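So the structure is just underneath, and the comments pick up after that.
There are 4 protein chains.
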Amino acid sequence: MSKNDIQMAEACTETMRVNDDASRLLGITITETRPDSATAQLTVIKALTNGHDICHGGFIFTLADSAFAYASNSTNHATVASGCTIEFLAPGKIGDTLTAIAKKRARGQRTGVYDVDVTNQKGDLVAVFRGKSYQIRGQVIPVSGEQS
Amino acid sequence: MSKNDIQMAEACTETMRVNDDASRLLGITITETRPDSATAQLTVIKALTNGHDICHGGFIFTLADSAFAYASNSTNHATVASGCTIEFLAPGKIGDTLTAIAKKRARGQRTGVYDVDVTNQKGDLVAVFRGKSYQIRGQVIPVSGEQS
Amino acid sequence: MSKNDIQMAEACTETMRVNDDASRLLGITITETRPDSATAQLTVIKALTNGHDICHGGFIFTLADSAFAYASNSTNHATVASGCTIEFLAPGKIGDTLTAIAKKRARGQRTGVYDVDVTNQKGDLVAVFRGKSYQIRGQVIPVSGEQS
Amino acid sequence: MSKNDIQMAEACTETMRVNDDASRLLGITITETRPDSATAQLTVIKALTNGHDICHGGFIFTLADSAFAYASNSTNHATVASGCTIEFLAPGKIGDTLTAIAKKRARGQRTGVYDVDVTNQKGDLVAVFRGKSYQIRGQVIPVSGEQS
Numbered sequence: 068m069s070k071n072d073i074q075m076a077e078a079c080t081e082t083m084r085v086n087d088d089a090s091r092l093l094g095i096t097i098t099e100t101r102p103d104s105a106t107a108q109l110t111v112i113k114a115l116t117n118g119h120d121i122c123h124g125g126f127i128f129t130l131a132d133s134a135f136a137y138a139s140n141s142t143n144h145a146t147v148a149s150g151c152t153i154e155f156l157a158p159g160k161i162g163d164t165l166t167a168i169a170k171k172r173a174r175g176q177r178t179g180v181y182d183v184d185v186t187n188q189k190g191d192l193v194a195v196f197r198g199k200s201y202q203i204r205g206q207v208i209p210v211s212g213e214q215s
Numbered sequence: 068m069s070k071n072d073i074q075m076a077e078a079c080t081e082t083m084r085v086n087d088d089a090s091r092l093l094g095i096t097i098t099e100t101r102p103d104s105a106t107a108q109l110t111v112i113k114a115l116t117n118g119h120d121i122c123h124g125g126f127i128f129t130l131a132d133s134a135f136a137y138a139s140n141s142t143n144h145a146t147v148a149s150g151c152t153i154e155f156l157a158p159g160k161i162g163d164t165l166t167a168i169a170k171k172r173a174r175g176q177r178t179g180v181y182d183v184d185v186t187n188q189k190g191d192l193v194a195v196f197r198g199k200s201y202q203i204r205g206q207v208i209p210v211s212g213e214q215s
Numbered sequence: 068m069s070k071n072d073i074q075m076a077e078a079c080t081e082t083m084r085v086n087d088d089a090s091r092l093l094g095i096t097i098t099e100t101r102p103d104s105a106t107a108q109l110t111v112i113k114a115l116t117n118g119h120d121i122c123h124g125g126f127i128f129t130l131a132d133s134a135f136a137y138a139s140n141s142t143n144h145a146t147v148a149s150g151c152t153i154e155f156l157a158p159g160k161i162g163d164t165l166t167a168i169a170k171k172r173a174r175g176q177r178t179g180v181y182d183v184d185v186t187n188q189k190g191d192l193v194a195v196f197r198g199k200s201y202q203i204r205g206q207v208i209p210v211s212g213e214q215s
Numbered sequence: 068m069s070k071n072d073i074q075m076a077e078a079c080t081e082t083m084r085v086n087d088d089a090s091r092l093l094g095i096t097i098t099e100t101r102p103d104s105a106t107a108q109l110t111v112i113k114a115l116t117n118g119h120d121i122c123h124g125g126f127i128f129t130l131a132d133s134a135f136a137y138a139s140n141s142t143n144h145a146t147v148a149s150g151c152t153i154e155f156l157a158p159g160k161i162g163d164t165l166t167a168i169a170k171k172r173a174r175g176q177r178t179g180v181y182d183v184d185v186t187n188q189k190g191d192l193v194a195v196f197r198g199k200s201y202q203i204r205g206q207v208i209p210v211s212g213e214q215s
């Protein structure tokens with residue numbers, strides 16, 4: 068991957084991050100973006116739990132979905148999620164730091180598949196997520212004449 | 068469905084709701100619970116959007132997942148999600164009220180399948196969600212000698 | 068649904084059926100096609116079992132996938148499957164006749180979602196399947212100037 | 068992995084293969100089994116196509132599902148599929164040899180997750196499959212007092 072590609076990935080992340088109220092609400096941070104991959108982190112606090120003192124599955128999904136979104140928009144083609152699957156393997160406990168790493172498995176003209184693994188600070192696998200992306204018209208950063 | 072079953076479903080919801088910080092953080096309300104079904108609602112505000120002024124997919128998932136959780140725990144057998152799928156069909160816009168209705172499709176000794184449809188106030192289908200449940204030991208409300 | 072739409076759905080099925088060696092190999096028959104829906108049947112014989120005298124899950128999937136294919140191609144827009152999920156709920160035993168009914172849940176410009184329920188002759192739910200369709204260029208029956 | 072574990076995996080495969088009429092019908096061969104992993108192959112012939120001269124998606128699923136079954140039964144705990152997802156990425160053409168490699172991602176007391184990649188002879192990714200396993204009572208090879 069070229070230096071330009073990495074810079075583009077990081078610039079896409081900066082542009083998206085500004086308005087990403089949703090990730091901010093939960094405390095999700097994007098710690099790295101590369102072409103077609105991204106890493107996101109979340110620390111489980113009480114406000115994110117569902118009453119068993121474990122992280123609501125929806126927020127583990129949201130963490131993975133955010134990593135997927137930043138990875139699939141990292142080459143400056145505006146892309147949305149068309150569907151996702153998640154398998155829950157271990158609970159996220161209060162105090163845990165969860166890390167989601169999204170990687171491209173395939174991408175065609177319009178559609179793509181990204182895999183996201185979510186682990187805790189001990190390296191245990193907390194969830195596996197698979198996202199299907201759909202490329203729409205437009206660019207993340209309008210740098211040039213768009214062609215979709 | 069008997070009156071007792073309905074009362075049990077509503078009592079399970081009350082018990083779970085007390086500690087459900089996660090649903091409260093987003094403003095999710097459980098508007099009805101019946102044996103093996105539940106309805107949840109969420110109004111999309113700016114804090115829930117991802118920068119395109121549309122609801123983060125993770126929060127649409129969380130809404131559906133909450134309806135699924137209340138439905139699958141409505142008969143007082145403690146149940147968790149083992150995995151879920153979601154297809155995103157239309158965006159949730161600021162001001163939209165989203166309604167998720169969860170219904171049981173199947174339930175065996177340990178595992179079950181619930182379908183959740185998410186619609187907006189116009190009746191448009193926003194997402195379809197399918198949750199796989201796994202019954203663990205224990206009861207939502209410890210009313211009697213448990214047998215798992 | 069108009070008489071013309073039904074005739075078109077049935078004509079699409081006839082056209083597809085001629086070359087559908089795969090469904091024929093298993094003994095799958097398409098018993099009805101309507102606009103955006105289709106019904107397929109399969110009788111479980113020994114050759115379709117996996118050694119426990121139960122139908123190989125792959126063939127239950129194939130039955131559902133066939134119903135999905137005929138439903139999603141019933142309006143004469145050439146359509147392929149982009150992805151599918153299946154949950155197995157009960158075994159298909161030797162001698163069972165399995166019926167798969169596919170119905171459209173949503174369809175946009177390019178992508179769609181179809182649900183397929185598979186039941187046996189007693190009405191037991193054997194599997195639930197969800198198919199994601201992707202509309203490609205072309206028509207099932209080239210009746211007119213195509214526009215994709 | 069110990070020599071004993073490999074021998075057990077191979078013995079489980081031999082036992083299952085004897086009665087696996089379904090895989091035989093399609094021409095699926097299991098080319099390698101190791102503890103928690105398995106490789107299966109299929110050559111696409113006309114009888115497996117759906118009329119566009121491409122392999123029926125159901126048979127690509129069946130290939131992946133077979134690899135998953137042999138992988139998830141390789142440690143002599145009888146295991147069935149509870150649900151699966153597949154994303155179709157490229158067609159299987161007549162004459163193609165498809166290879167499915169199944170690997171364990173996670174396995175708890177009862178449930179597990181296996182990923183299966185399907186590639187063609189050129190190394191192109193044809194499909195990605197994810198299988199959820201459920202451990203039932205019993206052993207593949209009844210070698211000792213079972214405990215489930």
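Each protein sequence line maps, in turn, to chains W, P, X and H.
Position in the first sequence (first residue = 1) + 67 = our numbering.
Position in the second sequence (first residue = 1) + 67 = our numbering.
Position in the third sequence (first residue = 1) + 67 = our numbering.
Position in the fourth sequence (first residue = 1) + 67 = our numbering.
Where a beta carbon is used, it is the ideal one built from N, C-alpha and C, also for glycine.
Nothing here was measured: the structure is a model prediction, and the numbers come from that model.
Selected residue, minimal CA-CA separation from residue i, among the options
i	options	result
Ser104/X	Val180/X, Arg204/X, Gly190/X	Val180/X
Gly175/W	Val210/W, Ala157/W, Ser139/W, Asp191/W	Ser139/W
Leu115/P	Gly94/W, Thr98/W, Thr100/W, Arg101/W	Gly94/W
Cys122/H	Asn71/H, Ala157/H, Glu81/H, Tyr137/H	Ala157/H
Cys79/P	Gly124/P, Glu99/P, His119/P, Asp88/P	Glu99/P
Gly124/X	Leu165/X, Ala173/X, Ile203/X	Leu165/X
Lys170/H	Ser69/H, Asp132/H, Phe155/H, Lys70/H	Asp132/H
Gln206/H	Thr152/H, Gly162/H, Ser141/H	Ser141/H
Residue i vs residue j beta-carbon contact at 7 Å
i	j	result
Gly159/H	Val111/H	yes
Ala167/H	Val185/H	yes
Gly130/H	Leu109/H	Checking the sequence shown, residue 130/H turns out to be Leu, not Gly. It is a contact, given that the beta carbons lie within the stated cut-off.
Ala107/H	Ala134/H	yes
Ile203/H	Ala145/H	yes
Asn117/P	Met75/P	no
Asp88/X	Lys113/H	yes
Arg101/P	Thr152/P	no
Thr96/W	Ile208/W	no
is_contact[residue i, chain H] using C-beta, thresh 7 Å
i	result
Val147/W	no
Leu156/W	yes
Val183/W	no
Leu109/W	no
Gly22/X	As shown, chain X starts at 68 and ends at 215. That puts residue 22/X outside it, with no answer to give.
CB contact below 7 Å: residue i versus chain P
i	result
Ala114/W	yes
Gly205/W	no
Ile153/W	yes
Gly162/W	no
Gly179/W	no
Residue-chain proximity (residue i, chain W), Cβ-Cβ < 7 Å
i	result
His144/P	no
Thr80/P	no
Gly150/P	yes
Leu165/H	no
Status (buried if at least 16 other CB within 10 Å, exposed otherwise) for residue i
i	result
Gln188/X	exposed
Glu154/H	buried
Ser69/P	exposed
Asp120/H	exposed
Ile127/W	buried
Val85/H	exposed
Ile161/P	exposed
Val183/W	buried
Close beta carbons around residue i, own chain, < 7 Å, minus the five adjacent residues each side
i	result
Gly150/W	Lys199
Asp191/P	Ala157
Ala173/P	Gly179, Val180
Ser90/X	Ser133
C-beta neighbour in chain C for residue i, strict 7 Å
i	result
Ala169/W	Of the chains in the structure shown, none is chain C; the protein chains are W, P, X and H.
is_contact[residue i, chain X] using C-beta, thresh 7 Å
i	result
Asp87/H	yes
Phe128/H	yes
Asp132/H	yes
Asn117/H	yes
Arg172/P	yes
Val195/P	yes
Leu93/P	no
Contacts around residue i, its chain only, beta-carbon distance under 6 Å, and the 5 residues preceding and following it disregarded
i	result
Asp163/P	Val111, Asn187
Asp72/H	Pro102
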